[in-house]
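Trainee: This is the structure, below, for whatever I ask next.
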Amino acid sequence: MLIQNTESKVRILRKPAIIRHIKYVAVWVFFTLITVGALTTCRSPQKTELRKLVPNDAIIYLETENIARTLESLTASQAFQRLAGSVPDYSIFENMQIAVAVTGFETTAENAVLNFKPRFVAVAETHAWSWQTVSIAENQLAGLVVKNFGNDAKLEKTYRDGGTFFTWTASDNRRVYAFIRGSLIYFGTDAAAIEKCLAIQKGETESLAINESLTRVYTENNLAFGYVSLEGVKQIAALAGVSVAVEATEEADGRSFVAEILPQILQNTTREIIWTANKTERGIKDVFSISLTTETASVLKEILKTAAQPTGDSIDFLPTEFYSATRYNLESPLTAWRGLLFVTTKNTDAARGNLLLRFSDSLLEPYGISNAGTFLSQIDSEILTAQFDAAGERSAAIVTVKDAEKLKSSISKEINFQLAPTMRNNAEIWFSEDKRIAAAFVENKLILGDEESVLKCLRTKQSRKSFAENSAFQLFSNSKSAAATFGTDYDSAEKIVGVLAVNKNGNEKPATFYFTETRFDEKGIERVTVSDFGLLGTILKQLEK
């Protein structure tokens, strides 16, 4: 009902405002750490259990135990070192720790924009002297607040509980808070959360350390660790429903449907999310473990079984250069599709579930498929998709055909298969009237996509210079996952160097690569990505101006 009730009054940002606030948190964290590192002259090597410092009602928890090790992992790639020339020395950050606890979200409508604002408290264990941490708040941190709130931001400072409490107020009444005591800095948008942190120190309330679910999954010695609780899943699901709805369609009814059904599905199937980041020989390894309900996990594991021996020859059509390519390896694509529909309808209300089933065959129409069930019943286990531009407007799918005539009947009616095909590169090609969609049948394959992408795939096969010659192809061939994606990132190296060092090769823009595998087991979903910079880099590059 969120979109439905505000459609006539509120414009919803395509880039949710929540990202802007997360970026603000990241800016503060990084800026503070640099300042602390520059000032610190004495630090204790003893590690602090950060979970014991934040409130037990936190719905999202993130931490990194050693800032030096984390930053060093981001500078280890060849792309970074080629641009930076030299690797910065982060030894001054050794043993410094940071944690962020999100206690909830606020949804407000300001200037006709629907705004999602996280309530959070960040805790930094600087292992510095008290006067150093106070200096940070009075100077560098205050400067950062003024930058975001304006020169007319007002500061109120009080002394209590053996420390200093700072309150900054903007002209529009927005507030941020900080409390400094000893080597600890508390900072956030939620004064109540900071008060709870102080109450923890007094023994008046419990910390997040008593959370049994978090304790059960918590692991040490990671570059970073993250946890989203059941309540966090519920709140994120509601926000995701709105954001996805805006991206999915311009129609008010369609947005309302997506905004209501997606949160229901996520809230009824997902229990918690765990994230870990670690350094490996190939790069930073991010592991997302999404815990599902027992029934949901069991169904997904069964319907998304992988084929024992995928054909693998579709790769001969994949060009050497692309933004991303994904290989789906499913024992039965049709069974997977029907099973996903079953899980979806079972975890939403009857009315919306029935509506979804009624129109399920048309859900793949944006991809040139008018009847999803027929299409998936007439292809083999391997589905290879490729995206050739950042926006996703140039893409193609390559599948092995069982029955060409039945398969044609499932493809968009914009293509008239009664017309004679165009012959090119040994393929029979049919186009939609506006050339937006092309379907090429060659050997035992169908290549479906936009005209430019389909022809590019056909030329690749003819030239015998495909991605199969790339050493990274072994990642695909060795993967036993239901879905495997290899992608290219053209801007992360430049942006991260811009944050952490000086770019000495401004004209160069080296590409970095990532590989993601998605598996389904008895607990839920495991998604593993190995890349040069990881999710940590994705967060850090938001600081690049």
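Residue 366 in my numbering is what sits at position 224 of the sequence shown, and the numbering runs on without skipping anything.
By construction, the Cβ of each residue, glycine as well, lies at the ideal position given by its N, Cα and C atoms.
Applying the 10 Å Cβ sphere with the 16-neighbour rule, what's the burial state of Ala394?
Mentor: So Ala394 ends up on the exposed side.
Trainee: Looking only at its own chain, which residues have a Cβ that is under 6 Å from the Cβ of Leu356, when we skip the five neighbours before and after it?
Mentor: Contacts found: Tyr369.
Trainee: So Glu236 and Asn208 are in contact, right, with Cβ under 8 Å, and what is the actual spacing, rounded?
Mentor: With 8 Å as the limit, Glu236 and Asn208 qualify as a contact, their Cβ atoms being about 7 Å apart.
Trainee: Does the beta-carbon of Asn489 have 16 or more other beta-carbons within 10 angstroms, so that it is buried, or is it exposed?
Mentor: Burial call: buried.
Trainee: Please give the ranges of any beta strand (DSSP E) in the segment 585-618, keeping only runs that are unbroken, at least 3 residues long and fully inside the region.
Mentor: Taking only runs of at least 3 residues, the beta strand (DSSP E) segments lying wholly in the segment 585-618 are 587-591.
Trainee: Candidates Gln406, Leu505, Glu414, Ile638: which alpha carbon is nearest Tyr360's?
Mentor: Per the Cα distances, Glu414.
Trainee: Grouping DSSP H, G and I as helix and E and B as strand, with all else coil, what is Lys189?
Mentor: Looking at Lys189 - three-state DSSP - the assignment turns out to be coil, as it is neither helix nor strand.
Trainee: So, are the CB atoms of Ala387 and Leu408 less than 9 Å apart?
Mentor: No. Outside cutoff.
Trainee: Quick check on this structure: which residue in Ala653, Glu636, Glu650, Lys665 has the alpha carbon closest to the alpha carbon of Gln684?
Mentor: Ranking Ala653, Glu636, Glu650, Lys665 by Cα distance to Gln684 puts Glu636 first.
Trainee: Quick check: the Cα distance between Ile445 and Tyr470, rounded to an integer number of angstroms?
Mentor: Approximately 13 Å between the Cα atoms of the pair.
Trainee: Since Ala295 and Ala279 are thought to touch, with beta carbons under 8 Å apart, how far apart are those beta carbons, to the nearest angstrom?
Mentor: That belief does not hold up - the Cβ atoms of Ala295 and Ala279 are roughly 14 Å apart, past 8 Å.
Trainee: In the DSSP assignment, what are the bridge partners of Thr311?
Mentor: Its beta-bridge partners are Lys296, Arg317.
Trainee: For Thr468 and Leu297, what's the separation of their Cα atoms in angstroms?
Mentor: Approximately 52 Å, taken between the alpha carbons.
Trainee: Going by C-alpha distance, which of Lys550, Val672, Asp455 is nearest Thr630?
Mentor: Per the Cα distances, Val672.
Trainee: Measuring only the C-alpha atoms, how far is Glu524 from Ile540?
Mentor: Roughly 9 Å between the two C-alpha positions.
Trainee: Can Leu204 and Val242 be called in contact, C-beta distance under 9 Å?
Mentor: Yes, the pair counts as a contact, with Cβ atoms nearer than the cut-off.
Trainee: Flag this pair as touching only if the segment 344-358 and the segment 190-197 have three or more C-beta atom pairs under 8 Å; answer yes or no.
Mentor: Contact holds: three or more Cβ-Cβ distances are below 8 Å.
Trainee: In chain order, what residues of the same chain lie with their CB nearer than 6 Å to the CB of Cys184, ignoring the 5 residues before and after it?
Mentor: Confidence is the limiting factor: at Cys184 the pLDDT is only 48, short of 50, which leaves the residue's position unreliable and the question unanswerable from this model.
Trainee: On the CB-based measure, 16 or more other CB atoms within 10 Å of its CB, does Val644 come out buried or exposed?
Mentor: Burial call: exposed.
Trainee: Just to confirm my understanding: we take Gly246, look at its own chain, exclude 5 residues before and 5 after, and list those with CB closer than 6 Å. What are they?
Mentor: Contacts found: Arg261.
Trainee: Residue range of the alpha helix (DSSP H) that Ile407 falls in?
Mentor: Looking at the DSSP string, the run of the alpha helix (DSSP H) that includes Ile407 is 394-411.
Trainee: Should the segment 419-431 be called in touch with the segment 474-482, which here means at least 3 C-beta pairs below 8 Å?
Mentor: With the cut-off at 8 Å, the segment 419-431 and the segment 474-482 do not touch.
Trainee: When you compare only the Cα positions, how much space is there between Gln406 and Gly534?
Mentor: Between Gln406 and Gly534, the C-alpha separation is close to 28 Å.
Trainee: In whole angstroms, what is the alpha-carbon distance linking Cys599 and Asn558?
Mentor: Looking at the two C-alpha atoms, the distance is approximately 22 Å.
Trainee: Quick one, are the C-beta atoms of Leu472 and Lys447 less than 9 Å apart?
Mentor: For Leu472 and Lys447, yes; Cβs fall inside 9 Å.
Trainee: Where does Phe530 land, buried or exposed, given buried means 16+ other C-beta within 10 angstroms?
Mentor: The residue in question, Phe530, is buried, as its Cβ has 16 or more Cβ neighbours within 10 Å.
Trainee: For Leu326 and Lys189, I'd like the C-alpha separation in whole angstroms.
Mentor: Straight-line Cα distance between these residues: approximately 13 Å.
Trainee: Where do the N-terminal and C-terminal ends of the alpha helix (DSSP H) with Gly368 fall, by residue?
Mentor: That residue, Gly368, is in no alpha helix (DSSP H); its beta strand (DSSP E) goes 366-370.
Trainee: Report the three-state DSSP secondary structure of Lys427 (helix, strand or coil).
Mentor: It is a strand residue.
Trainee: Given Leu372, which residues of its chain have a CB within under 7 Å of its CB, disregarding the five upstream and five downstream residues?
Mentor: Only Arg413, Glu414 meet the Cβ criterion.
Trainee: Relative to the ligand ZN, is the shortest distance from any of its heavy atoms to the C-beta of Leu482 smaller than 8 Å?
Mentor: The model depicted lacks the ligand ZN and carries no ligand whatsoever.
Trainee: Does Trp572 pass the burial test, meaning 16 or more other C-beta atoms within 10 Å, or should it be called exposed?
Mentor: Under this definition Trp572 is a buried residue.
Trainee: Is it buried or exposed, Pro461, if we count other Cβ atoms within 10 angstroms and call 16 or more buried?
Mentor: When all chains shown are included, Pro461 counts as buried.
Trainee: Is it the case that the Cβ atoms of Gln520 and Ser552 are separated by a distance below 9 Å?
Mentor: Yes, the pair counts as a contact, with Cβ atoms nearer than the cut-off.
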